[in-house]
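First comes the structure, then the notes that go with it.
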Amino acid sequence: MRRRAAAIFLGLGSAVFAHGETIYLTAAASVVGAAPFYSDVRAFNTSYTNTLTVTADYRCFIGACAASVQAFTLVPRESRAFDDICVSLFSSPDSAGAVEFTHMGTDGDLVVSSRLYSTSPEPTVGMFVPGLESYAAFPVTILTSVRNGGSGAGFRTNVGVYNFNDAPVSPTFKVYDGSTLVGTTQLDAALLPRSGAQINDIFGRIGAASLATSNAAVVVDSGGASALFSYAAVIDNATTDPYLVVGAPDRPAPAEPQTVIVSVHAWDFSPGGPVSAPLTLTVGTTYTLVFRSVDAPGTPNPRHGFSGISDLGLPSSDDISPGHDFVVPSFTPQGYQRGSYPFLCTRNDCGGDPEQHNGMIGMLIIP
Amino acid sequence: MRKLLLLLPALLVFAAPLRQRADGTTVITLPAAASIVGGAPFFSDVRAFNTSYTDSLEVTATYRCFITCPAGTPQITFTLAPRESRAFDDMVASASAFNTPNSAGGVEFSHTGESEQLVVTSRLFSTAPTPTVGMFIPGLGISEAYPNTVLTSVRNAGPDAGFRTNAGVFNPGDAAVSLTFTIFDGGVQAGTAVSRTVGAHSGLQVNLIFTAAGVPNLSTANAVIVVNATGPLFTYAAVIDNATTDPYLVIGAEDQPPQPVATATPTPPGATATPTPPGPTATPTPPPGQTFTVNVGQGGNNFVDQVSGNSTSTIHVGDTIHWVWVSGFHSTTSGPCPPCSGDGMWNHGPGTGLTFDFTFNQAGTFPYFCSNHGSIMTGTVVVNP
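Protein sequences, first through last, are from chains V and H.
Each residue of the first sequence is one higher than the one before, starting from 72 at the first, in the numbering used here.
Each residue of the second sequence is one higher than the one before, starting from 1007 at the first, in the numbering used here.
Pasting the structure below:
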């Protein structure tokens, strides 16, 4: 079931119908120098009966990049080793990027895994980088277990993204220490289709290089519906040992505060009722509520009121009159507040018809 | 086509791994967590994050200890405010969490919020060498447990001090599960399959899986471990560089059910092609042998063979030594002492209340020691042809 759903989901973002299943290795490297890193990749055919032809497309985005697409065949149950894959398969030393492995077999036929490791210190320290199916990409992701600074030589964190879509994306990176927003950053340029980027030392990038934290989180938001892969490589500065955090699905940040104008007249709150539709507010969205008298000129007693809703902490007013709005500056419905809440006009003489006025009952709904 | 379009929104909901149980409870499982001191110290720093911007989340964390466990099932309940990331450093031993030092197991985090409201991550790390080397261990949803899994990128031995691999499972179900670990190297089964049974909501780890399979000296950088079970399991391999102690964690990917391979497979094209494995049905029968018991910690810091009455066991090829921890906090670690650094043939513990079996498939004299007590607590196994 998951595989089928994932396959259809993949079809929305990439050319699944043309290329079959694709497994994404979001970070691979062959870098020499003071901080050497290499990727040993393994590709495994889970089928007991079918040979699998795999196309490996190196989507290099760091260093001396050259396009390279290589094909290979896996017999049933074969595990193929590609040590230092950027060099051994793609002939691209001193580069880094992602690799897309595409095959025409059944979903789940191909398993890709890798170890990205440093040879400093010798012999090696490294981290597991899994091959991911497209369902592991999301429009908004959260990276937890992120660190910076701290005792000893401390930690540093590099954050990366891979855009497997056919359109560019401009993601936003928000760094939190606990629940406190430390800083926000973006890439220097839009992330091109089927390309990636890595922000080295993201705490330095946001001007928080000296922050010591062992409980940070990074939210990566594509800014729209485009799903992205995200990761954080968290590195112990003393041992150079890294671990890779793969982005988990997160929720979109609440929208900016919205202003809702409730037009009040004899005998209706609009929206609210009883004539107009109820006032419906969404959990998590912050509202500014403006109650405004809009009685036609000549209406008797054009002064209205609002009973407030004590269960929601909304205050009352008995003076909503022409030129005198009643404003609730900020109200954010919470999940536990879901329900229907009636409210009233607090005055009994507005509009000049007490019997009509008695029915001036509005309704606020939090679905 | 129209039907497909109508189905798309519904399918998108399920595109991410499913996590929620039928009763509305969501359980996120950390398949491995530890707080071990001694020669090979390991600790788990865990983070729990509430993705909601509006709703608090009450979480119950249950420690499913399966290595050196005290009585009872430690459990804590905590509330995460919207967008809160809660840090549980050394969660297993921390007095504010499970307060169970010198143990290891899995952790189940349950809640009744929305299915993806809780994100759990962790780093399991060693402080030898200082300051740390470690690996990422993710919290996993129930849909990520499978009856058949494959662990790739597995290593053993090799250049320098080489690698070792510990293989583990966690059973999220309500019934015991039987399983086998089968190692393949270059498409060919290596050693014998290792069979175990894991209880409900419990786990197990086979340290030195290559040794347990009878191929401790196999040098490979491209091994595969197939785990076939009678129920869904989370599986993992911790692959450790012996020189730096640096581990990386491979999470089991879904594999296809085992099938016999009826005919020979054609040679694949390319110079690096690997032959086809014969399949799990080709597991050879282990050699017959007897089992001899050695008590660990009998009368103090001693290994006591129950036949000889001293620290030397004399057996034959194919026989098994069955170590039983009767008191104290000890390990059985193969290798001469001094230098007391271990030779990788076997290593179990340190801990209390353990048992450990090792079958000797080659003749020779095999010294061993306790990593907690070094040269004051040693033993020898003499294996005759």
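Beta carbons are placed, not taken as given, at the ideal position from N, Cα and C, and that holds for glycine.
Given 7 angstroms as the limit, tell me if residue i has its C-beta closer than that to any heavy atom belonging to the ligand PLP.
| i | result |
| --- | --- |
| Val1313 of chain H | You won't find the ligand PLP in this model; it holds no ligand whatsoever. |
Give the straight-line distance between the Cα atoms of residue i and residue j, rounded to the nearest whole angstrom.
| i | j | result |
| --- | --- | --- |
| Asp1261 of chain H | Gly343 of chain V | 56 angstroms |
| Ala1227 of chain H | Thr195 of chain V | 13 angstroms |
| Pro313 of chain V | Gly221 of chain V | 15 angstroms |
| Met434 of chain V | Gln405 of chain V | 17 angstroms |
| Ser1058 of chain H | Pro320 of chain V | 11 angstroms |
| Asn419 of chain V | Thr351 of chain V | 25 angstroms |
| Val1160 of chain H | Ile273 of chain V | 31 angstroms |
| Glu149 of chain V | Pro201 of chain V | 18 angstroms |
| Gly1439 of chain H | Phe1187 of chain H | Here chain H comprises residues numbered 1007 to 1391, so residue 1439 of chain H is not present and cannot be evaluated. |
| Thr1291 of chain H | Thr1198 of chain H | Any reading at Thr1291 of chain H must be qualified, since the residue scores a pLDDT of 33, below 50, and its modelled position is unreliable; no value is offered. |
| Cys1393 of chain H | Gly1209 of chain H | As shown, chain H starts at 1007 and ends at 1391. That puts residue 1393 of chain H outside it, with no answer to give. |
| Ile1327 of chain H | Thr1320 of chain H | 10 angstroms |
| Met431 of chain V | Pro400 of chain V | 24 angstroms |
| Gln269 of chain V | Val232 of chain V | 6 angstroms |
| Gly1315 of chain H | Pro1222 of chain H | 28 angstroms |
| Arg409 of chain V | Asn372 of chain V | 35 angstroms |
| Ile1148 of chain H | Ser1201 of chain H | 23 angstroms |
| Pro1391 of chain H | Asp1325 of chain H | 11 angstroms |
| Gly376 of chain V | Asn229 of chain V | 56 angstroms |
| Gly423 of chain V | His336 of chain V | 12 angstroms |
| Gly1192 of chain H | Cys1071 of chain H | 35 angstroms |
| Val290 of chain V | Asp307 of chain V | 21 angstroms |
| Asp111 of chain V | Leu187 of chain V | 6 angstroms |
| Ser411 of chain V | Pro349 of chain V | 9 angstroms |
| Ala324 of chain V | Met1141 of chain H | 30 angstroms |
| Phe226 of chain V | Val305 of chain V | 7 angstroms |
| Asn1378 of chain H | Cys1343 of chain H | 12 angstroms |
| Cys136 of chain V | Tyr129 of chain V | 9 angstroms |
| Phe397 of chain V | Leu415 of chain V | 14 angstroms |
| Asp339 of chain V | Asp382 of chain V | 22 angstroms |
| Ala1259 of chain H | Ser1381 of chain H | 42 angstroms |
| Pro1356 of chain H | Gly1078 of chain H | 21 angstroms |
| Thr1250 of chain H | Phe402 of chain V | 55 angstroms |
| Pro1153 of chain H | Thr1203 of chain H | 13 angstroms |
The alpha helix (DSSP H) spanning residue i covers which residue range?
| i | result |
| --- | --- |
| Pro425 of chain V | Pro425 to Asn429 |
| Ser159 of chain V | Ile156 to Ser159 |
| Ala1218 of chain H | Ile1215 to Ala1218 |
| Arg276 of chain V | Ile273 to Arg276 |
State the start and end residues of the unbroken beta strand (DSSP E) segment that holds residue i.
| i | result |
| --- | --- |
| Val439 of chain V | Nothing in the structure corresponds to residue 439 of chain V, since chain V is present only between 72 and 438. |
| Thr284 of chain V | Thr284 to Asp292 |
| Arg380 of chain V | In the sequence on display, residue 380 of chain V carries Ile and not Arg. Unbroken run through Ile380 of chain V: none, as it is neither H nor E. |
| Arg227 of chain V | Phe226 to Asn234 |
| Arg113 of chain V | Phe108 to Asn116 |
| Gly410 of chain V | Gly410 to Leu415 |
| Val240 of chain V | Note, Val240 of chain V: premise wrong, no beta strand (DSSP E); not H, not E. |
| Leu390 of chain V | The question names Leu, but residue 390 of chain V in the sequence shown is Asp. Note, Asp390 of chain V: beta strand (DSSP E), Ser388 to Ile391. |
| Leu187 of chain V | Leu181 to Ser189 |
Assuming residue i and residue j form a contact by the criterion Cβ under 8 angstroms, report the distance between their Cβ atoms to the nearest whole angstrom.
| i | j | result |
| --- | --- | --- |
| Leu96 of chain V | Val217 of chain V | So it is not a contact: roughly 21 angstroms between Cβ atoms. |
| Ala127 of chain V | Phe172 of chain V | 5 angstroms |
| Val1332 of chain H | Asn1301 of chain H | 5 angstroms |
| Gly1119 of chain H | Asp1029 of chain H | About 14 angstroms separates the two Cβ atoms, so there is no contact after all. |
| Leu145 of chain V | Ala208 of chain V | Leu145 of chain V to Ala208 of chain V, Cβ: 24 angstroms. No contact. |
| Val1065 of chain H | Phe1084 of chain H | 6 angstroms |
| Val240 of chain V | Ser166 of chain V | That pair is no contact at about 22 angstroms. |
| Gly1237 of chain H | Val1175 of chain H | Gly1237 of chain H to Val1175 of chain H, Cβ: 10 angstroms. No contact. |
At least three beta-carbon pairs within less than 8 angstroms, the segment 1032–1042 of chain H to the segment 1126–1133 of chain H | yes
Would you call the segment 279–291 of chain V and the segment 1100–1115 of chain H in contact, with 3 or more CB pairs under 8 angstroms?
-> no
Below 8 angstroms, can you find three or more Cβ-Cβ pairs linking the segment 172–182 of chain V to the segment 114–123 of chain V?
-> yes
How do the segment 1157–1174 of chain H and the segment 1202–1214 of chain H stand: do at least 3 beta-carbon pairs fall below 8 angstroms, yes or no?
-> yes
Cβ pair count under 8 angstroms reaching 3, the segment 1296–1311 of chain H against the segment 1377–1391 of chain H | A contact is defined here as three or more CB-CB pairs under 8 angstroms, and the segment 1296–1311 of chain H meets this definition with respect to the segment 1377–1391 of chain H.
Contact between the segment 326–334 of chain V and the segment 356–367 of chain V (3+ Cβ pairs under 8 angstroms) | The segment 326–334 of chain V is in contact with the segment 356–367 of chain V.
Every unbroken beta strand (DSSP E) inside the segment 1052–1106 of chain H [3 residues or more] | 1063–1073, 1081–1086 and 1091–1094
Would you check if the segment 1089–1100 of chain H and the segment 1227–1246 of chain H touch, i.e. whether three or more CB-CB distances between them fall below 8 angstroms?
-> no
Closer than 7 angstroms, Cβ to any Cβ of chain C: which residues of the segment 1194–1214 of chain H, in chain order?
-> In the structure shown, chain C cannot be found, because the protein chains are V and H.
Per the contact definition of three or more C-beta pairs closer than 8 angstroms, is the segment 153–162 of chain V in contact with the segment 98–106 of chain V?
-> yes
Would you mind listing the beta strand (DSSP E) stretches within the segment 132–171 of chain V that are 3+ residues and don't spill past its ends, in chain order?
-> 139–145 and 150–153
3-residue-minimum beta strand (DSSP E) runs that sit fully inside the segment 1148–1224 of chain H, ordered along the chain | 1152–1162, 1169–1177, 1183–1191, 1194–1204 and 1208–1212
What are the uninterrupted segments assigned as beta strand (DSSP E) that are 3 or more residues long and contained completely in the segment 1281–1356 of chain H, given in chain order?
-> 1297–1302, 1309–1311, 1318–1322, 1326–1331 and 1336–1340
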